[in-house]
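Scroll down for the structure; my scribbles are underneath it.
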Ligand SMILES: [Cu+2]
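Set out below in structure tokens:
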């Protein structure tokens, strides 16, 4: 009886493991670049763009979805120079092209796996 409960509990934990291990990826926002510039993630990954802290504050940047997979709503962060972050959970597979609207050379690509 006890043994059965333990196995049941173990299966339950395994069953919820994917949600527990939900992926995340952080992108650094610099002058004038995103790092990394190209990244591949699993579907459902939460991507966080992180602006520098006060000590490393630079120019003002934002991040905007220029083109994405069909059906994905465009998004855009605030424009900020420091102590800011912006996150988006990417649930649709495909290629996401992002740009800083203040610096057209500042681009990045995210590929979301199927
Ligand atoms: Cu910028």
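Numbering (our numbering), first residue to last: 131 to 244.
Even glycine gets a Cβ: it sits at the ideal position worked out from N, Cα and C.
This one's a predicted model, so the numbers in the text were calculated from it and none came from an experiment.
Residue i classed as buried or exposed, judged by whether at least 16 other C-beta atoms fall within 10 angstroms
i, result
"residue 184", "exposed"
"residue 175", "buried"
"residue 198", "buried"
"residue 165", "exposed"
Cα-Cα separation, residue i to residue j
i, j, result
"residue 191", "residue 232", "6 Å"
"residue 238", "residue 152", "23 Å"
"residue 215", "residue 188", "15 Å"
"residue 207", "residue 243", "23 Å"
"residue 179", "residue 195", "12 Å"
"residue 213", "residue 200", "32 Å"
"residue 161", "residue 234", "12 Å"
"residue 168", "residue 241", "8 Å"
"residue 182", "residue 202", "28 Å"
"residue 223", "residue 171", "9 Å"
"residue 155", "residue 228", "15 Å"
"residue 173", "residue 230", "23 Å"
"residue 158", "residue 211", "12 Å"
"residue 177", "residue 163", "16 Å"
Coarse secondary structure for residue i, derived from DSSP in three states
i, result
"residue 184", "helix"
"residue 228", "strand"
"residue 190", "coil"
"residue 218", "strand"
"residue 202", "coil"
"residue 210", "strand"
"residue 196", "strand"
"residue 244", "coil"
Strand pairing of residue i, partner residues [DSSP]
i, result
"residue 163", "Residue 163 is not bridged to any residue."
Contact with chain B by residue i, beta-carbon distance below 8 Å
i, result
"residue 193", "Protein chains in the displayed structure number just one, and chain B is not present."
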